[in-house]
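Right, one structure below, let's go through it.
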């Protein structure tokens, strides 16, 4: 017996192939959802994938994830804001992470942060008004032998002084003045201004 | 795969390796990669190809070799000769190494005994008999820097999965637990709870399902032992977990990897898949009736998730907030089932214990702390890096022999162990043996293994403030003493470092430390005051100098403010 | 269910196995300060006011999450415990802007009661004076973050009793806030049923009914017991009372 489908239900997309927004990046999220068979405890893994695909977690994304996992909105929001990896605001074109682990601290990484903050008039964790640069600090990148360490668009700069670090950042921004973001390695589709706070390091399998 | 297949695989791999006249091992763990290790590896491979030496020379990307500040590191193994270790290798030096060791004394050419031929190269040789290597004892890290972490065969060739095979065939779960109890192994995550007792507790706990969790959420700033182990020898951790699964009766394991460690997570995933393909994990492990699956879970940046109940909340997709114990995870953990949770370094010690016996392991170390401990040596020492030392070694040996002393002729001031949960040990206690009890007696803890050395340019009040800021940021906010207490303690420390504190503030600070320590819900809050208390204990005069004389001997603090009381009475 | 005997403040007490220490203390009429605990909701163990000393245990334990055990020897009001409780209350008062004189709950506030009972007359720590907002977008209720002590009773009642899970906590540490849905104005929430349970369980003036002015708000908890008893007796299940 054939079932007559109404126009609405036919227009409804199949989740895995297309999405109402027409954005192919949602299929990456759907893949992770499927891998964990829509179990609610996969929330953090799904948010990782979402952030990787979109660069940050917009409200729409959180709603999508909440509905797919059948979780309350406030639950998803609470988890997304609890962990430092997830960011709910768009990030700058370039990003600079300064390690503030103990070894870097002992070798005066705080002065590097202060220099960057003064130069670009932002505090750590913020993006410049023109959206060019995000500066953030990290709790130990685990490269303690190279302290102090900073990561500029995925490139590790070791044993820097405040002056040399500032010079490297200035140079880097000048080199990419055209607005084109340098290609970071890693899988997944990336948004125009999407450099993840985790440096794009969590790769979906 | 069964036991004889395993043996055959090991033989095949050994033969394959011996077929090469020269093997060039290139470190590919994070510190060396971030100082340019991958370019070196590519250059060496190119040089091998250019010289058509593919059949005789092999370049292998391995795990960590130890002295990370000297990276990128390379070890050259030539048949019938001693290993040569190179430090600070650049792509150019890499090509020279190939020329020196492979091309130069190829059998079809005249053997040239001119080791000193390339003076630029000899500058990069790191003698293998320096104290950095000699004073170490590698058990957990035995394979690290020797094998390719991405190849199961290489691990099997180095006796990998033999312990699992032995345990499955020759031992009952009870015997495995007994063996671990007898070995005296204690949790390497910091608290030092006897591992065997924990295993036995989970084994005896009733539950239709049980879980094994490896805690790889290494949050201490300045510590990277767990990452290195997971990056350099992932199968070692998996094997330990599988043995634990067999011992406690679990069929599912999780490895919780810190989000900042992408390479470790990737290598673990790969290792799990290759082990499952060969029947070393998954259903019917090594053709026995034992099933064991392992999944990797990636953290998302929360120090508190190193606490076991918070970690389990995070695995279950919730906010990583701890819950009060008891019930302990051994009775009611993941999804309410009995759960065994150990640090990855603890799991890394399991296979050697099963293979060599509990007595062998118990013969290393001190009366109450057995075996070895990995430390991430960092800060103001000449050679920083990853070291594995027998328990009971003195701090002096670590700092001056292994670490090579303090650079620039400065004086040693303090050693910080245990990260934000630990304390500072002053020069007067340099001869203390490193074990759980001695460190606790000094007001510090063993911790997961961060060891930061400070010289006279470090201000101890500022150090305490640094750690308090860390705890303040990382407090989950569930219990009041930790949520607000850390903020208030940080404020008081800030006042001391900017000069606006009074002696009364110091008393308030001391009182708060005791209260937060005794009333906080989880380990984070209970240990957050440790850095403050230990620096007050050993460096009280520095606190007093800040408050009374507005003087910071290390020249770190600004001290540009004055207490309000001074304004009032002026 | 078996009976266990324990000693509380040098007095022999019998209790039922599986009971929490806090409920035994309440049954015996021993005054024990609590803020996050509420009869009928799951235990959180977060406010740390009900800490007690157990002989033979180095650590203090929160009575609300400790089960009674045979032979337990408990001290509830030692000098040290009272001092800690006072300090915890001071910390709570310093955390946000608790200005009783202009609070709707003045006189009926549990935080204020506890502070008065224990004799906390001043705060030795810096007031953190955070810049916090109020949310009056809901038709009937007001949320004032300035008075919130993060006891999460609202979160628990909404999840466990109402089943809506409108509330949760965002952020961490001292920056934690209770939130509605995606941290949006209460009035725009689609999941909120406007049942008002969260308002009734809130111990302070963080949640109040619109229209109440200073010291006018009073709260009722008895509905919780009524709902839970009803559930236990299957009052609302199908086929009941046919």
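Chains as they are written, first to last, in my numbering: chain Y, 1 to 205; chain F, 1 to 570; chain Z, 1 to 242.
Don't be surprised by glycine CBs; every beta carbon is placed ideally from N, CA and C.
On a predicted model such as this, the values are computed, not experimentally measured, just so you know.
Please state whether DSSP places residue i in a helix, a strand or coil.
i	result
residue 494 (chain F)	helix
residue 200 (chain Y)	Low local confidence applies: a pLDDT of 34 at residue 200 (chain Y) is under 50, so the model's placement there is unreliable, and no value is given.
residue 81 (chain Z)	helix
residue 11 (chain Z)	strand
residue 524 (chain F)	helix
residue 365 (chain F)	strand
residue 74 (chain Y)	helix
residue 323 (chain F)	coil
residue 246 (chain F)	helix
residue 99 (chain F)	helix
residue 234 (chain Z)	coil
residue 208 (chain Z)	strand
residue 273 (chain F)	helix
residue 543 (chain F)	helix
residue 112 (chain F)	Confidence in residue 112 (chain F) is poor, its pLDDT being 41 and thus under 50, which makes the residue's placement too unreliable to answer from.
residue 26 (chain Y)	helix
residue 517 (chain F)	helix
residue 2 (chain F)	coil
residue 4 (chain Z)	strand
residue 131 (chain Z)	coil
residue 292 (chain F)	strand
Assign residue i to one of two classes, buried (16 or more other C-beta atoms within 10 Å of its C-beta) or exposed (fewer than that).
i	result
residue 198 (chain F)	buried
residue 155 (chain F)	buried
residue 186 (chain Z)	buried
residue 17 (chain Z)	exposed
residue 13 (chain F)	buried
residue 150 (chain Z)	buried
residue 38 (chain Y)	exposed
residue 81 (chain F)	exposed
residue 7 (chain Y)	Any reading at residue 7 (chain Y) must be qualified, since the residue scores a pLDDT of 44, below 50, and its modelled position is unreliable; the value itself is stated next. By the 10 Å Cβ count, residue 7 (chain Y) comes out exposed.
residue 125 (chain Y)	exposed
residue 178 (chain Z)	buried
residue 388 (chain F)	buried
residue 87 (chain Y)	buried
residue 134 (chain Z)	exposed
residue 455 (chain F)	buried
(request) Give a yes or no on contact between the region 293 to 309 of chain F and the region 464 to 480 of chain F, applying the rule of three or more CB pairs nearer than 8 Å. (result) yes
(message) Restricting to runs no shorter than 4 residues, where is the alpha helix (DSSP H) found entirely within the region 397 to 459 of chain F?
(response) 436 to 441
(message) Does the structure place the region 308 to 316 of chain F close enough to the region 333 to 343 of chain F that three or more beta carbon pairs sit under 8 Å?
(response) yes
(request) With a floor of 4 residues, list each alpha helix (DSSP H) that falls wholly inside the region 84 to 120 of chain Y, ordered by position along the chain. (result) 102 to 106 and 109 to 120
(message) Using a Cβ-Cβ cutoff of 9 Å, what residues of the region 54 to 84 of chain F are near chain Y? List them in chain order.
(response) 67, 68, 69, 70 and 71
(request) May I have a chain-ordered list of the beta strand (DSSP E) segments no shorter than 3 residues that lie completely inside the region 30 to 89 of chain F? (result) 57 to 62, 74 to 78 and 84 to 86
(request) Check each residue of the region 72 to 94 of chain Y: if its Cβ is closer than 7 Å to any Cβ of chain Z, include it; give the result in chain order. (result) 72, 73, 74, 75, 77, 78, 81 and 82
(message) Pairs of beta-carbons, one from the region 282 to 299 of chain F and one from the region 326 to 333 of chain F, closer than 8 Å: are there three or more?
(response) no
(message) For the region 361 to 381 of chain F against the region 241 to 257 of chain F, do three or more pairs of beta-carbon atoms, one drawn from each stretch, fall closer than 8 Å, so that the two count as touching?
(response) no
(request) Could you run through the region 433 to 456 of chain F and flag, in chain order, every residue whose CB is less than 9 Å away from some CB of chain Y? (result) 450, 452, 453, 454 and 455
(message) At 3 residues or longer, what runs of the beta strand (DSSP E) sit wholly inside the region 169 to 248 of chain F?
(response) 211 to 216
(message) Any contact between the region 139 to 146 of chain Z and the region 501 to 513 of chain F? By contact I mean 3 or more CB pairs, one from each, below 8 Å.
(response) no
(request) Indicate whether the contact test is met: 3 or more Cβ pairs, each with one atom in the region 482 to 492 of chain F and one in the region 257 to 266 of chain F, closer than 8 Å. (result) no
(request) Give the residues from the region 474 to 499 of chain F that approach chain Z closer than 8 Å (Cβ to any Cβ), ordered along the chain. (result) 474, 475, 476, 477, 478, 479, 480, 481, 483, 484, 485, 486, 487, 488 and 491
(message) Taking beta-carbon pairs under 9 Å, can you tell me which members of the region 212 to 230 of chain Z lie near chain Y?
(response) none
(message) Along the region 111 to 144 of chain Y, where does the CB come closer than 9 Å to a CB of chain F? Name the residues.
(response) 138, 139, 140, 141, 142, 143 and 144
(request) Can you check the region 60 to 107 of chain Z for any beta strand (DSSP E) of at least 3 residues that lies completely inside it and give the ranges in chain order? (result) 73 to 75
(request) Quick one: which residues of the region 126 to 147 of chain Z get their C-beta closer than 8 Å to a C-beta of chain Y? List them in chain order. (result) none
(message) If contact is defined by three or more beta carbon pairs under 8 Å, each pair taking one atom from either stretch, is the region 188 to 195 of chain F in contact with the region 341 to 351 of chain F?
(response) yes
(request) Output, in sequence order along the chain, the residues in the region 185 to 214 of chain Z whose CB is closer than 8 Å to any CB in chain Y. (result) 191
(request) For the region 39 to 61 of chain Z, enumerate the residues whose C-beta is nearer than 9 Å to any C-beta of chain F, in chain order. (result) 43, 44, 45, 46, 47, 48, 49, 51, 59, 60 and 61
(request) State whether the region 216 to 223 of chain Z contacts the region 103 to 111 of chain Y, with contact taken as three or more CB pairs (one from each stretch) at a distance under 8 Å. (result) no
(request) Name, going along the chain, the residues of the region 158 to 172 of chain Z whose beta-carbon falls closer than 7 Å to a beta-carbon of chain Y. (result) 165, 166, 167, 168, 169, 170, 171 and 172
(request) Tell me, please, whether the region 198 to 215 of chain F touches the region 391 to 400 of chain F by the rule of three or more beta-carbon pairs shorter than 8 Å. (result) no
(message) By the 9 Å beta-carbon criterion, what residues does the region 285 to 315 of chain F contribute toward chain Y?
(response) 296, 297, 298, 299, 300, 301, 302, 303, 305, 314 and 315
(message) Using 8 Å as the cut-off, can you tell me whether the region 169 to 188 of chain F makes contact with the region 262 to 273 of chain F, which would need three or more C-beta pairs spanning the two stretches below that distance?
(response) no
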